[in-house]
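S.K.: Chains U and E are the protein sequences, given in the same order.
FYI, my numbering numbers position 23 of the first sequence as 28, with every residue one higher than the one before it.
FYI, my numbering numbers position 130 of the second sequence as 178, with every residue one higher than the one before it.
Just so you know, even glycine gets a beta-carbon here, dropped at the ideal spot from N, CA and C.
Source: prediction; values computed, not measured.
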Amino acid sequence: MLDGIGVLVRLGLAGVWLVSGGIKVADLNQAYVAVQAYDLLPAGLVSVVAAAVPFLELALGVLLLVGLGTRVVAAVSAVVLLAFVGAVAQAWARGLSIDCGCFGGGGQVAAGETAYPEEIARDIGFLLLCAWLVVRPRTPFSLDGWLTGNRQDVEDTVDTGDPQGRT
Amino acid sequence: MGGAERNARKKRQAQTTGRRASAPVSRGPSVDRKTVIIGVVVVVLLAGAVLGGIIYTNSQKNETEGQSIQTAAPQATYSARRDGAVVVVGEDSAEVTLDVYEDFLCPACRSFEDSYHEDIEKYVADGTVRVRYHMLPMLNDRSDPPGYSMDSANAGLCAADAGKFPEFHLSLYQAQPAEGSRGWDNQQLVELGKDLGITSSTFKSCVDGDEYDDLIQTHFDEVRETSYLQQDFNGQRGFGTPTIAVGEKVVEPSGPNWLDELVRAG
Numbered sequence: 006m007l008d009g010i011g012v013l014v015r016l017g018l019a020g021v022w023l024v025s026g027g028i029k030v031a032d033l034n035q036a037y038v039a040v041q042a043y044d045l046l047p048a049g050l051v052s053v054v055a056a057a058v059p060f061l062e063l064a065l066g067v068l069l070l071v072g073l074g075t076r077v078v079a080a081v082s083a084v085v086l087l088a089f090v091g092a093v094a095q096a097w098a099r100g101l102s103i104d105c106g107c108f109g110g111g112g113q114v115a116a117g118e119t120a121y122p123e124e125i126a127r128d129i130g131f132l133l134l135c136a137w138l139v140v141r142p143r144t145p146f147s148l149d150g151w152l153t154g155n156r157q158d159v160e161d162t163v164d165t166g167d168p169q170g171r172t
Numbered sequence: 049m050g051g052a053e054r055n056a057r058k059k060r061q062a063q064t065t066g067r068r069a070s071a072p073v074s075r076g077p078s079v080d081r082k083t084v085i086i087g088v089v090v091v092v093l094l095a096g097a098v099l100g101g102i103i104y105t106n107s108q109k110n111e112t113e114g115q116s117i118q119t120a121a122p123q124a125t126y127s128a129r130r131d132g133a134v135v136v137v138g139e140d141s142a143e144v145t146l147d148v149y150e151d152f153l154c155p156a157c158r159s160f161e162d163s164y165h166e167d168i169e170k171y172v173a174d175g176t177v178r179v180r181y182h183m184l185p186m187l188n189d190r191s192d193p194p195g196y197s198m199d200s201a202n203a204g205l206c207a208a209d210a211g212k213f214p215e216f217h218l219s220l221y222q223a224q225p226a227e228g229s230r231g232w233d234n235q236q237l238v239e240l241g242k243d244l245g246i247t248s249s250t251f252k253s254c255v256d257g258d259e260y261d262d263l264i265q266t267h268f269d270e271v272r273e274t275s276y277l278q279q280d281f282n283g284q285r286g287f288g289t290p291t292i293a294v295g296e297k298v299v300e301p302s303g304p305n306w307l308d309e310l311v312r313a314g
């Protein structure tokens, strides 16, 4: 049961990253516009962040899809999502009128078209998925399981951090 | 020699300790160790994705570097003269004077030009319409690197000085770079001028020297504060591009006949 949920959580978060990263990679110019609209970084850094984030998202998605280093990937995902929440929150607090550009798009929008609460709520939902995977990274059909031995007791071993206990 | 000996001893010690520590897992690496290795691999992969992404994005954006900007020719030829930060096209005796506020990077301005440049050219050529082009750095921070709006606006004024404004203006709209892209640099703007037949050497120094940047910025600061140019954007008032005005009244270009109607009314 928990395994079933775990694999759904992993693949769900993988899908989120693959879609969001894929859309951004397909239009890197738009990604620049989206990052620039947060009005948070100097121009040189906007360029770097706008170039890096789409590919980071894709890589997180691929790693979650194959289930490699799930705990680390989920932790990095959480850090990235917290940064996104922070960026959206500051835009909201400063009264900017932007689209978060989370799934493509982004940039200035009309005052009535912002969706800050929804965007933050959505990211918090994704953060819950991360939290699940950080706490319980082992899921079926993962490279982690295949590489370290896909036995149920392995999971317990990993979780207790005492590999000798079982062997 | 003593140092080498010490090092060798240290190495031996380290080996012994290492052996002692790993002794219980003689049947291959432990799950713990594998997890650590996987974690390291994953972090390296993520860092690689970031680095590779930055390199790929830069090379993709720099593909336009050194390319020449496609030239375009208006269907009619007419003169243009620079008046401060404004380029005036057409006869002073024209019945209708349009003030066109635009930015060479602005996609909506491109749509406006695509839809109506032929009508405008026709009316300018027959002397019924005069256009005052205000090229503004509205989206100056929307190119990567920033500054294309200002560079192109400056080059537009330089092209007006050199007598090639209509061609230069139309070419830049038809070859408009996307927001967030690299834009055209000064060298490419100079090349475009040459391709359009500008021979004066002052054009190059005008573009390269950002001759009119200050003038344009001052004009832009005035324009964006001008009350009759403010429009509603979903309940927020502000200045945007493109804005078309006749006298002190903003007109909304829509449908195929808005200019015909303006001319008839004028």
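Suppose you measure from the CA of T247/E to the CA of Y149/E; what does that come to, to the nearest Å?
M.R.: If you take the alpha carbons of T247/E and Y149/E, they lie about 28 angstroms apart.
S.K.: Less than 8 angstroms between the C-beta atoms of G138/E and V172/E, yes or no?
M.R.: Result yes, Cβ atoms of G138/E and V172/E sit closer than 8 angstroms.
S.K.: Helix, strand or coil for D104/U, going by three-state DSSP, please let me know.
M.R.: Strand, per DSSP.
S.K.: What are the residues in the region 69-101 of chain U lying within 7 angstroms of chain E by C-beta distance?
M.R.: If the cut-off is 7 angstroms between Cβ atoms, the region 69-101 of chain U has L73, G74, V77, V78, V81 near chain E.
S.K.: When the cut-off is 8 angstroms and only beta carbons count, does P59/U lie next to chain E?
M.R.: P59/U counts as touching chain E.
S.K.: Would you kindly report the start and end of the unbroken beta strand (DSSP E) that includes R178/E?
M.R.: Start and end: 177-183.
S.K.: For Q222/E and Q284/E, what's the separation of their Cα atoms in angstroms?
M.R.: Rounded to the nearest angstrom, the two C-alpha atoms are 31 angstroms apart.
S.K.: With three or more beta-carbon pairs closer than 8 angstroms as the criterion, would you say the region 60-70 of chain U touches the region 88-104 of chain E?
M.R.: Yes: at least three Cβ pairs fall under 8 angstroms.
S.K.: If I measure Cβ to Cβ from L69/U and keep anything under 6 angstroms in the same chain, skipping five residues before and after, which residues do I get?
M.R.: For L69/U, where only same-chain residues beyond five positions count, the Cβ hits under 6 angstroms are R15, L18, A19, V78.
S.K.: Between S25/U and chain E, is there a C-beta pair that is closer than 8 angstroms?
M.R.: Cβ-Cβ to chain E under 8 angstroms: no for S25/U.
S.K.: So what's Y149/E in DSSP terms, helix, strand or just coil?
M.R.: Of the three classes helix, strand and coil, the one that applies to Y149/E here is strand, per DSSP.
S.K.: Give a yes or no on whether the C-beta atoms belonging to I85/E and D149/U are separated by under 8 angstroms.
M.R.: No; because the gap between Cβ atoms is not below 8 angstroms, this pair is not in contact.
S.K.: Mind listing, in chain order, the continuous alpha helix (DSSP H) runs of no fewer than 4 residues lying wholly within the region 20-62 of chain U?
M.R.: Taking only runs of at least 4 residues, the alpha helix (DSSP H) segments lying wholly in the region 20-62 of chain U are 33-42.
S.K.: Skipping 5 residues on each side, what residues in its chain have a beta carbon closer than 6 angstroms to that of G231/E?
M.R.: Correct list, in chain order: S191, Y196, P225.
S.K.: Within 8 angstroms (strictly less), CB to CB, does G20/U reach chain E?
M.R.: G20/U does not count as touching chain E.
S.K.: Looking at the unbroken beta strand (DSSP E) that takes in I292/E, where does it start and where does it end?
M.R.: Run containing I292/E: 291-294, per the beta strand (DSSP E) assignment.
S.K.: Helix, strand or coil for G109/U per DSSP?
M.R.: Note: G109/U maps to coil in three-state DSSP.
S.K.: Going along the chain, which residues of its own chain have a beta-carbon closer than 8 angstroms to the beta-carbon of G110/U, five neighbours each way excluded?
M.R.: So the qualifying residues of the chain are Q35, A39, D104.
S.K.: Which word fits P185/E, buried or exposed, when buried means at least 16 other C-beta atoms lie within 10 angstroms of its C-beta?
M.R.: P185/E comes out buried.
S.K.: With a cut-off of 8 angstroms on the beta carbons, I'd call V294/E and T145/E a contact; round off their distance for me.
M.R.: At roughly 7 angstroms, the Cβ-Cβ gap stays under 8 angstroms, so V294/E and T145/E are in contact.
S.K.: Considering Cα atoms alone, identify which of G114/E, V92/E, E166/E is closest to T125/E.
M.R.: When only C-alpha atoms are compared, the closest one is E166/E.
S.K.: Can you have a look at Q41/U and say buried or exposed, based on whether 16 or more other CB atoms are within 10 angstroms of its CB?
M.R.: Per the 10 Å Cβ criterion, buried.
S.K.: Report yes or no: is there a C-beta of chain U within less than 8 angstroms of the C-beta of G87/E?
M.R.: Answer yes: the Cβ-Cβ gap between G87/E and chain U drops below 8 angstroms somewhere.
S.K.: In this structure, does DSSP put D243/E in helix, strand or coil?
M.R.: Looking at D243/E - three-state DSSP - the assignment turns out to be helix.
S.K.: For L7/U, decide whether its Cβ has a neighbour in chain E, counting only Cβ atoms nearer than 8 angstroms.
M.R.: Not one chain E Cβ lies under 8 angstroms of L7/U.
S.K.: Identify, in the order they occur along the chain, each residue of the same chain with its Cβ nearer than 8 angstroms to the Cβ of E124/U, setting aside the five sequence neighbours on each side.
M.R.: Hits under 8 angstroms: V93, C105, C107.
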